[in-house]
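Just below is one structure, and these are the notes that go with it.
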Amino acid sequence: MTDVITSAAEAAAADAADPLAEHRAKFALRAGLVYLDGNSLGAMPVDAPALIDDAARRQWGQDLIESWNANGWWDAPVRIGDRIGRLIGAKAGQVICGDSTSIQLFQALSGALRLNPDRRVLLTDGGNFPTDQYIADSVGRLLGVEVRRISPADAVTALGSGSRSGIGEIAAVSFSAVDYRTGELWDVEAITAAAHAHGAAVVWDLAHAAGALPVHLDDLDAGAGADFAVGCSYKYLNGGPGAPAWLYINARHQATADLPLTGWQGHAEPFALHQHYAPAEGIARGRIGTPPLLSMLALDAALDIFDAADLEQVRAKSLALTDLVLRYAADHLADLGVVAATPAEHHRRGSQVALRLPRAYEAAQALIEAGVVGDFRAPDILRLGFAPLYLTHAQVWGAMETLETILRTGAHLDPRFAIRAAVT
Ligand SMILES: Cc1ncc(COP(=O)(O)O)c(C=O)c1O
């Protein structure tokens with residue numbers, strides 16, 4: 525393991541040697557801002573406005589309906605899906621781009637459960653992001669399946685004991701690879717293998733993993749691959765507010781996957797306008813209705829940056845930045861009541877650090893006023909996300925010094941920082 529950064533000088537030295545430094549200029553970030561919220565909304569690629577402008581003025585404004593053919597609108601969900609697929613270890617033809625993560629979760633969970641119609645249990649994480657839980661409950665009600673909650677930490681044992689005792693009742697397993705609150709990275713490989721050994725399909729939510737760390741969906745479980753996966757593109761993928769989500773369907777399921785949202789664009793012959801649905805071949809059956817093209821086309825700007833970046837280097841820098849934060853918190857903030865909720869081990873950490881502290885909401889607001897943007901997650905977490913393509917080590921060191929100053933001086937206790945905004 526490389527040495528953990530413990531001073532401003534070491535942070536500056538790490539920046540001087542940073543192989544990803546060239547990418548920072550490809551993002552539009554206002555001077556003086558330290559943006560630690562790329563795990564909620566990633567920074568804007570400098571090239572994005574030109575792509576949006578072209579999509580609006582030329583493609584929509586001038587070419588109008590011809591754009592479906594002439595400007596590649598019809599193929600965009602598959603083309604951009606393949607570009608995202610490269611970042612999550614999916615060979616071409618397995619990722620479709622469109623709609624929101626919530627909708628894609630509905631598709632994936634229903635599709636996964638329908639692979640195992642004789643089993644009546646969906647296993648999910650009681651600590652998962654709310655939309656994952658709400659959609660799981662709704663799908664459970666629709667399909668008459670019991671939704672059982674378990675920590676991903678206990679999943680391998682639970683799935684193993686189930687198969688040994690011959691229960692084999694779990695139809696599908698659905699977890700996020702990285703816990704949105706604590707930043708814990710679960711054992712995606714072991715859980716996938718255990719689910720398959722149990723005969724269950726697995727659905728991964730990669731919202732906090734795609735673009736932040738290497739994921740190898742096709743390689744999981746000795747090459748069998750995950751069954752389904754979903755994710756958004758507005759966090760670490762930097763696709764912009766409301767950027768469309770995506771759905772991965774492993775090639776081996778594509779001929780049989782019975783997806784619930786049978787929109788016309790997923791039909792085998794969408795322009796034959798048949799009365800009854802017949803799914804398209806391949807990943808095209810994951811299409812639903814008309815996709816949000818203006819935002820989808822903006823994604824190309826961010827994906828161009830990823831094409832030129834090495835995800836292993838992204839991961840190495842992410843770990844260096846989160847190591848720095850965890851060490852700083854332990855060395856300088858413990859006496860202020862700050863406790864890390866994020867695991868220290870690299871293999872258990874995503875690209876964020878969650879710090880538990882008294883008056884965390886107020887601390888997050890005071891930090892924002894000081895130019896350091898992170899966010900608050902109830903009840904007591906200051907959540908700091910690290911997007912290695914546009915952050916420097918020096919910025920992160922400075923952010924921790926700013927946090928220490930705020931907490932030591934009690935600057936965050938000013939009543940104006942306690943006023944809750946609609947979005948925290
Ligand atoms: C794990 C996870 N899934 C899904 C979502 C959001 O879903 P949607 O894109 O439908 O808003 C989030 C948002 O932060 C998330 O953290």
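All residue numbers for the sequence shown refer to the numbering used here, where the first residue is 525 and numbers rise by one.
Here a beta-carbon is modelled for each residue, glycine too, at the ideal position from N, C-alpha and C.
Do the CB positions of residue i and residue j come within less than 7 Å of each other?
i: Ala863; j: Leu908; result: Residue identity differs from the one stated: residue 863 is Val in this sequence, not Ala. No; because the gap between Cβ atoms is not below 7 Å, this pair is not in contact.
i: Cys621; j: Gly596; result: no
i: Ala931; j: Leu848; result: It is worth fixing the name first, because residue 931 is Leu in this sequence and not Ala. Contact: no.
i: Leu879; j: Ala854; result: no
i: Val727; j: Leu633; result: yes
i: Leu741; j: Ala733; result: no
i: Ala580; j: Ala825; result: no
i: Asp623; j: Ala769; result: yes
i: Tyr760; j: Gly566; result: yes
i: Asp539; j: Thr916; result: yes
i: Ala555; j: Ala918; result: no
i: Arg872; j: Glu713; result: no
i: Leu637; j: Ala696; result: yes
i: Gly755; j: Leu730; result: yes
i: Arg851; j: Val528; result: yes
i: Pro601; j: Pro815; result: yes
i: Ala833; j: His547; result: yes
i: Gly951; j: Gln789; result: Because the chain spans 525 through 948 in this model, residue 951 falls outside it and cannot be assessed.
i: Pro543; j: Gln837; result: yes
i: Ile807; j: Gly617; result: yes
i: Ser675; j: Asp899; result: no
i: Leu629; j: Gly735; result: no
i: Trp921; j: Ala537; result: no
i: Gly613; j: Val739; result: yes
i: Ile694; j: Ala725; result: no
i: Ala890; j: His936; result: yes
Comparing the C-beta of residue i with each C-beta of chain C, is any distance below 7 Å?
i: Pro601; result: Structure shown: chain C not included; a single protein chain is present.
Here's the rule: buried if 16 or more other CB atoms are within 10 angstroms of the residue's CB, otherwise exposed. What is residue i?
i: Arg688; result: Caution is warranted here: a pLDDT of 47 is assigned to Arg688, below 50, making its placement in the model unreliable, and the coordinate value is therefore given only provisionally. Exposed.
i: Phe699; result: buried
i: Arg809; result: buried
i: Arg776; result: exposed
i: His798; result: exposed
i: Phe795; result: exposed
i: Gly747; result: exposed
i: Ser591; result: buried
i: Arg607; result: buried
i: Asn640; result: buried
i: Thr648; result: buried
i: Tyr772; result: buried
i: His800; result: exposed
i: Tyr704; result: buried
i: Tyr665; result: The question names Tyr, but residue 665 is Arg in the sequence shown. Its Cβ having fewer than 16 others within 10 Å, Arg665 is exposed.
i: Ser875; result: buried
i: Pro765; result: exposed
i: Arg944; result: exposed
i: Asp938; result: exposed
i: Asp658; result: Before going on, a small fix: residue 658 reads as Tyr here, not Asp. Burial call: exposed.
i: Gly690; result: Low per-residue confidence applies at Gly690: pLDDT is 45, beneath 50, and the placement is therefore not dependable, though the value from the model is reported in the following sentence. Gly690 comes out exposed.
i: Asn652; result: buried
i: Ser757; result: buried
i: Thr706; result: buried
i: Pro803; result: buried
i: Ile589; result: exposed
i: Ala541; result: exposed
i: Arg811; result: buried
i: Asp599; result: exposed
i: Gln583; result: buried
**OP:** Can you list the residues near ligand 1, meaning Cβ strictly closer than 5 Å to any non-hydrogen atom, in the order they appear in the chain?
**Re:** Here the residues close to ligand 1, judged by CB distance below 5 Å to any of its heavy atoms, are Ser624, Thr625, Ser626, Phe653, Thr655, Ser700, Tyr704, Asp729, Ala731, Cys756 in chain order.
Original post:
Pairing CB atoms from the stretch 815 to 822 with CB atoms from the stretch 888 to 898, are three or more of them under 8 Å?
Top reply: When C-beta atoms of the stretch 815 to 822 are compared with those of the stretch 888 to 898, fewer than three pairs fall below 8 Å, so the two segments do not count as touching.
**OP:** State whether the stretch 836 to 844 contacts the stretch 781 to 788, with contact taken as three or more CB pairs (one from each stretch) at a distance under 8 Å.
**Re:** Of all C-beta pairs linking the stretch 836 to 844 to the stretch 781 to 788, fewer than three are shorter than 8 Å, placing the two stretches out of contact.
Subject >> Those runs of the beta strand (DSSP E) which lie wholly inside the stretch 849 to 936 and span at least 3 residues >> reply: DSSP runs (the beta strand (DSSP E)) wholly in the stretch 849 to 936: 876 to 880, 899 to 901, 905 to 909.
Original post:
Given 8 Å as the limit, is there contact between the stretch 909 to 924 and the stretch 546 to 564, that is, 3 or more CB pairs closer than that?
Top reply: Output reads yes: the stretch 546 to 564 touches the stretch 909 to 924.
**OP:** May I ask you to verify whether the stretch 701 to 718 touches the stretch 674 to 682, counting CB pairs closer than 8 Å and requiring at least 3?
**Re:** Result yes; three or more Cβ-Cβ pairs closer than 8 Å.
Subject >> Runs of alpha helix (DSSP H) lying entirely within the stretch 692 to 725, each at least 4 residues, in chain order >> reply: Runs of the alpha helix (DSSP H) inside the stretch 692 to 725: 712 to 722.
Subject >> Sufficient close CB pairs (3 or more, under 8 Å) joining the stretch 865 to 872 to the stretch 636 to 650 >> reply: The way I'd put it, the stretch 865 to 872 doesn't touch the stretch 636 to 650; fewer than three beta-carbon pairs between them come closer than 8 Å.
Original post:
Counting only runs that start and end within the stretch 744 to 815, where is the beta strand (DSSP E) found for 3 or more residues in a row?
Top reply: Contiguous beta strand (DSSP E) elements confined to the stretch 744 to 815 occur at 752 to 755, 770 to 773, taking only those with 3 or more residues.
Subject >> At least 3 beta-carbon pairs within less than 8 Å: the stretch 879 to 888 vs the stretch 898 to 907 >> reply: In short, these stretches touch, since the Cβ pair count reaches three.
**OP:** Would you mind listing the beta strand (DSSP E) stretches within the stretch 544 to 610 that are 3+ residues and don't spill past its ends, in chain order?
**Re:** Taking only runs of at least 3 residues, no beta strand (DSSP E) segment lies wholly in the stretch 544 to 610.
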